[in-house]
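The sequence shown: position 172 = 173 (my numbering), numbered continuously. For reference, the structure discussed in these notes is given below.
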Amino acid sequence: MKYRQYDHKRDKKAVQRIWHEIGWLEKGKEEAVSLHIKSGRAIIIEVNNEAECCATAVPGGIHYLNEELPFSGITGVATSRIARKQGLAKQLTAMMVAIEASEGALVSGLGVFEQGYYDQIGFGTGSYEHYTAFDPSQLSVRIKPHLPRRITTDDWAMVHSARLNRFRSHGSCNLNPPKITKAAMLSTKNGFGLGYCDNSTNELTHHFWCGADNVEQGPYNIEWITFQTREQFLELMALIKSLGDQVHLVKMREPPGIQLQDLLEKPLRQYRVTEKSRFQSIVQAAAYWQVRICNLSECMAQTHLQGDKVRFNLRLSDPIDSLLDEKAPWHGLTGNYVARLGPSSGIETGIDKTLPTLVVTIGAFTRMWFGVRPATSLAITDQLSAPQELLEKLDWTLRLPEPKLDWDF
């Protein structure tokens, strides 16, 4: 496979054509696409001297308990109509992972169009995300919000800083380049935001960014909501409630650790009464993002768990190996290791015949390590096997909060 770096002057029209063909580019949103591509790394494959496959990625960080690990967010993989079923997207994504890993990314993540495809590159499925659609007038928040600040696309730099400085939980990621936020804001249909600034610093402390299918009545779609404290979150929910005189439905992803149904009046009745209507109140779940470890030794070194220490042999397979040639700047993690998980974790190459063995793909291992599902569950549904005693010890040691990326890309 021959790839090259994206050249904006040369490739702009071809890549915009790809995005248009796959439905990612609406008329009038060309600036957003250019910002998205130029905010990070972009590589392409040509067919007949035209870019026909493009992959983009941006640097960031991902929270693992109390540690912040260097992260690569693969923000797009797009193949034109004429280049489908050639293996180009898979090969280009593998190369992007290799490049990003060689430059320091310990973990890579992406959003998926369907389950299974990126497993071939070593990614493992993340947690369920819950999307709640509700009548804002039915929110039970009793506080009166302060007068908010109106937020527009001109405020993109301030908004990006607020996203970076928001409350973070296990699994949450940040994407560093500010213009990735500007691109997202420009892409939002009928986009607007409301929020609050610190009076002394003029820092945007809490806000939401929203789009609207129908500006008059909704549904409104909360693209993201950021806050630093409990009080700020409740103020934003009260602000959303204030829209309920006119707007009949708001859709939003549940923030990490929050069960939005707790804040709704008679939610089950609303689900029944609005069933199949344009303004249907409903909770839906989907697991649409995936992650993979790119640097095993560094990830293990920064893993500090509360449970008892457990040692085991790790027989690891990484399917990305078959997609990278010898000239790639990084190669996969296939190998035999002796691993240690606990307050002080680590890994080294080799085999200890006195220890039990975990046989696993890198995708399934990442899911276990990240806390998506326990080892005993993954032994049923994924490519992971070990003696039952070891599985139970791993379950006990890896008692982690449910990971949430909290940043769609």
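Note that the Cβ used here is the ideal one computed from N, Cα and C, for glycine as well.
Closest by C-alpha distance to residue i, when choosing among the options
{"i": "Ala380", "options": "Gly372, Ala365, Asn215 and Glu104", "result": "Ala365"}
{"i": "Leu244", "options": "Ser35, Gln139 and Gly88", "result": "Gln139"}
{"i": "Asn49", "options": "Arg273, Gln116, Lys3 and Asn222", "result": "Lys3"}
{"i": "Lys354", "options": "Arg312, Leu165 and Thr367", "result": "Arg312"}
{"i": "Gly123", "options": "Val292, Asn175, Ile283 and Pro388", "result": "Val292"}
{"i": "Gly347", "options": "Glu68, Asp155, Thr304 and Asp214", "result": "Thr304"}
{"i": "Leu93", "options": "Arg279, Arg5 and His161", "result": "Arg5"}
{"i": "Glu204", "options": "Trp210, Ala158, Ser170 and Asp246", "result": "Ala158"}
{"i": "Lys190", "options": "Ser282, Cys54 and Val216", "result": "Val216"}
{"i": "Gly172", "options": "Ser109, Thr153 and Thr57", "result": "Ser109"}
Spatial distance of residue i from residue j (CA atoms)
{"i": "Trp225", "j": "Lys394", "result": "37 Å"}
{"i": "Thr362", "j": "Gly333", "result": "11 Å"}
{"i": "Val339", "j": "Thr358", "result": "9 Å"}
{"i": "Glu236", "j": "Ile144", "result": "7 Å"}
{"i": "Phe228", "j": "Glu403", "result": "19 Å"}
{"i": "Leu261", "j": "Asn337", "result": "44 Å"}
{"i": "Leu165", "j": "Ala302", "result": "25 Å"}
{"i": "Asp319", "j": "Glu51", "result": "32 Å"}
{"i": "Ile38", "j": "Lys267", "result": "44 Å"}
{"i": "Leu265", "j": "Gln271", "result": "9 Å"}
{"i": "Glu232", "j": "Trp331", "result": "45 Å"}
{"i": "Ala95", "j": "Leu317", "result": "18 Å"}
Limits of the alpha helix (DSSP H) - the one that residue i falls within
{"i": "Trp20", "result": "His9 to Glu22"}
{"i": "Leu391", "result": "Gln389 to Thr398"}
{"i": "Ile100", "result": "Leu89 to Ser103"}
{"i": "Ile181", "result": "Pro179 to Ser188"}
{"i": "His207", "result": "His207 -> not in any alpha helix (DSSP H); beta strand (DSSP E) instead, spanning Leu205 to Ala213."}
{"i": "Trp370", "result": "Ile363 to Phe371"}
{"i": "Ile122", "result": "Careful: Ile122 lies outside any alpha helix (DSSP H) and carries neither H nor E."}
Opposing strand residues paired with residue i [DSSP bridges]
{"i": "Leu265", "result": "Leu140"}
{"i": "Cys198", "result": "Leu205"}
{"i": "Gln6", "result": "Ile44"}
Residues of its chain near residue i, where Cβ-Cβ distance is below 8 Å and the 5 sequence neighbours each way are ignored
{"i": "Ala287", "result": "Tyr129, Glu130 and Tyr132"}
{"i": "Leu399", "result": "Leu306, Gly308, Leu342, Met369, Trp370, Gly372, Pro375 and Ala376"}
{"i": "His147", "result": "Tyr197 and Glu236"}
Boundaries of the beta strand (DSSP E) in which residue i is found, first to last residue
{"i": "Ile283", "result": "Ile283 to Ala287"}
{"i": "Val292", "result": "Trp290 to Ile294"}
{"i": "Ala340", "result": "Gly336 to Leu342"}
{"i": "Lys73", "result": "Here the sequence assigns Ser to residue 73, which means Lys is not the residue at that position. Glu68 to Thr80 is the extent of the beta strand (DSSP E) around Ser73."}
{"i": "Thr355", "result": "Element bounds for Thr355: n/a, residue is neither H nor E."}
Residue i Cβ short of 7 Å to the ligand SAM heavy atom set
{"i": "Gln247", "result": "The model depicted lacks the ligand SAM and carries no ligand whatsoever."}
Other residues of its chain near residue i: CB distance less than 6 Å, five sequence neighbours each side excluded
{"i": "Lys180", "result": "Leu36 and Ser40"}
{"i": "Lys310", "result": "Gly343"}
{"i": "Lys183", "result": "Leu36 and Trp157"}
{"i": "Arg23", "result": "A small fix is needed here, since residue 23 is Ile in this sequence, not Arg. Once the five neighbours on either side are set aside, the close Cβ partners of Ile23 are Ala79."}
{"i": "Phe234", "result": "Phe228"}
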